[in-house]
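The structure under discussion appears below in the form of structure tokens.
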Ligand code: 2PG
Ligand code: MG
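In the working numbering, the protein residues as written are 3 to 366.
Given below as structure tokens:
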């Protein structure tokens, strides 16, 4: 039992230098935990809505805190249910939901991933790393139309995966003399959208992935098909616009045997959207971002649904992050097939890698 005795909120800066919500939760035994809300840059239309940071602080203070005081922080399901009922901004509910899980874990004296896996009865394991090595699209001022080129190390430990990712990233950084982008990936100009994959394709111990984030790409589907056919991707996220279930389906029919075709803006961690994708047979993988839906419980429901349908589950960070490393524990707790993270630079990206290393070395 961790009776909630205090909940406070304030604004802090995120990795883009924008304000975001930070909350601190305390229980009657003196445990204090804090956490914050990540925020997307290329958001899907169907994501749950954020409120402005000032408004978020006020919602925590005047609506959420009075309601949660006296509740048991270990009872994540009850707290999340309340958060949904209160109809607050998704940044408010996710920040509070995440920090509630931290309080529960602290109070039970166990690692966060273990607490989550016990509450939701999931089987924990290390995720594969989906590392954003080269950036484009809305995340960078260069000539790449697609948003993220991902290196996916072929290794079965985090330590080994990080080592492969580090080597690939550093070698490219030196070769391209590239800048570091919003998510820590490298930013350079290329001859075309295929060239980055040519460079990454030289590496034997990674699979190739890409988040096209095609909602923000103005190419006709036929041209996109032509490009994707040349790419030999293990993982392809948002290859078409967020309502283009039809082309998702066609692509899945064509490439789904060998590749993961995943929805992000298409599905927004929302079971109703996922249901539609299932009916249309549009994808065989899904991105899970708890802030897209608002609470940890809803995100885990999305994971369970995806698993029931045999979809690959890829937990993901956001474009705007803080040093909060929650996604690492979440991905481990549900044994995600992948955890999508930034390049191996920038503190807010590195925090997640270091958390995974710590789980593997000390806790698992
Ligand atoms: C994505 C994400 C994270 P954003 O599209 O998958 O990489 O970007 O948070 O800007 O939506
Ligand atoms: Mg995406």
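Cβ atoms here follow ideal geometry from the backbone N, Cα and C, with glycine treated the same way.
These numbers come from a predicted model, not from an experiment.
Inset, instruction - Report the rounded CA-to-CA distance for residue 57 versus residue 224, giving the unit in angstroms. - result: Position 55 of the chain shown, counting from 1, holds the residue named residue 57. Position 222 of the chain shown, counting from 1, holds the residue named residue 224. Each residue's Cα considered, the two are about 44 Å apart.
Legend entry - residue 83 classed as buried or exposed, judged by whether at least 16 other C-beta atoms fall within 10 angstroms: Looking up residue 83 in the chain shown gives position 81. Under this definition residue 83 is an exposed residue.
Inset, instruction - Quickly, what does DSSP pair residue 124 with across the bridge? List them, please. - result: Within the chain shown, the letter at position 122 stands for residue 124. According to DSSP, which records beta bridges pairwise, residue 124 is partnered with nothing at all.
Legend entry - Own chain partners of residue 75 with C-beta closer than 8 Å, once the 5 adjacent residues on each side are dropped: Here residue 75 refers to the residue found at position 73 of the chain shown. Result list for residue 75: 4, 5, 6, 27, 29, 81, 102, 105, 106 and 109, in chain order.
Legend entry - Counted within 10 angstroms of its Cβ, other Cβ atoms place residue 111 as buried (16 or more) or exposed: To locate residue 111, count along the chain shown from 1; it is residue 109. Classification of residue 111: exposed, given that the 10 Å Cβ count is below 16.
Inset, instruction - Kindly list the residues whose CB is nearer than 6 Å to the CB of residue 36, restricted to its own chain and excluding five residues on each side of it in sequence; keep chain order. - result: Taking the first residue of the chain shown as 1, we reach residue 36 at position 34. In the same chain as residue 36, and ignoring 5 residues on each side of it, the C-beta atoms closer than 6 Å to its own belong to 26, in chain order.
Legend entry - Member of 246, 130, 195 and 165 whose CA lies at the smallest distance from the CA of residue 145: Position 143 of the chain shown, counted from the start, is the residue given in the question as residue 145. The shortest C-alpha separation from residue 145 is found at 195.
Inset, instruction - Please name the residue in 322, 338 and 78 whose C-alpha comes closest to that of residue 312. - result: For the purposes of this step, residue 312 is taken as residue 310 along the chain shown, with counting starting at 1. Per the Cα distances, 338.
Inset, instruction - Compare the beta carbon distance of residue 67 and residue 296 with 7 Å and say whether it is the shorter of the two. - result: By one-based count along the chain shown, residue 67 stands at place 65. By one-based count along the chain shown, residue 296 stands at place 294. Taking 7 Å as the Cβ cut-off, residue 67 and residue 296 do not qualify as a contacting pair.
Inset, instruction - Take the Cβ of residue 202 as the centre, count every other Cβ of all protein chains shown within 10 Å, and call the residue buried at 16 or more, exposed below. - result: Start at 1 with the first residue of the chain shown, and residue 202 comes out as number 200. Under this definition residue 202 is a buried residue.
Legend entry - Inter-residue spacing [alpha-carbon to alpha-carbon] between residue 59 and residue 52: For this step, residue 59 is matched to residue 57 along the chain shown. For this step, residue 52 is matched to residue 50 along the chain shown. Roughly 12 Å between the two C-alpha positions.
Inset, instruction - Could you round the C-beta distance between residue 156 and residue 208 to whole angstroms and report it? I think they count as a contact, below 8 Å. - result: Within the chain shown, the letter at position 154 stands for residue 156. Within the chain shown, the letter at position 206 stands for residue 208. Yes, they are in contact, since the Cβ atoms of residue 156 and residue 208 sit about 6 Å apart, within 8 Å.
Inset, instruction - Let me know if residue 331 comes out buried or exposed under the rule of 16 or more other beta-carbons within 10 Å of its beta-carbon. - result: Locating residue 331 in the chain shown gives position 329, where the first residue counts as 1. Buried: at least 16 other Cβ atoms inside 10 Å.
Inset, instruction - Return the first residue and the last residue of the alpha helix (DSSP H) that residue 172 is part of. - result: Taking the chain shown and counting its residues from 1, one reaches residue 172 at position 170. Here the alpha helix (DSSP H) through residue 172 covers 160 to 178.
Legend entry - residue 237, enclosing beta strand (DSSP E) - first and last residue: Here residue 237 corresponds to residue number 235 of the chain shown, with the count starting at 1. First-last of the beta strand (DSSP E) with residue 237: 237 to 239.
Legend entry - residue 317 and residue 219 closer than 7 Å at C-beta: Position 315 of the chain shown holds residue 317. Position 217 of the chain shown holds residue 219. Not a contact, by the Cβ cut-off of 7 Å.
Legend entry - Contacting residues, own chain, Cβ-Cβ under 7 Å from residue 34 (five flanking each side not counted): The count along the chain shown starts at 1 and reaches residue 34 at position 32. So the qualifying residues of the chain are 26 and 28.
Inset, instruction - Would you check if the region 338 to 347 and the region 127 to 141 touch, i.e. whether three or more CB-CB distances between them fall below 8 Å? - result: Touching, yes.
Inset, instruction - Report buried or exposed for residue 47, applying the criterion of at least 16 other Cβ atoms within 10 angstroms of its Cβ. - result: For the purposes of this step, residue 47 is taken as residue 45 along the chain shown, with counting starting at 1. Exposed is the call here.
Inset, instruction - Compare the beta carbon distance of residue 244 and residue 272 with 7 Å and say whether it is the shorter of the two. - result: As a working mapping, residue 244 is identified with position 242 in the chain shown. As a working mapping, residue 272 is identified with position 270 in the chain shown. No, these two residues do not count as a Cβ contact at 7 Å.
Inset, instruction - Could you have a look at residue 362 and say whether DSSP puts it in helix, strand or coil? - result: Start at 1 with the first residue of the chain shown, and residue 362 comes out as number 360. Residue 362 falls in the helix class under three-state DSSP.
Inset, instruction - Ignoring anything shorter than 4 residues or poking outside the region 200 to 262, list the alpha helix (DSSP H) runs there in chain order. - result: 223 to 231 and 247 to 257
Inset, instruction - Using a threshold of 7 Å, state whether the C-beta atoms of residue 9 and residue 93 are closer than that. - result: If you number the chain shown from 1, residue 9 lands on position 7. If you number the chain shown from 1, residue 93 lands on position 91. The answer is no: Cβ separation not under 7 Å.
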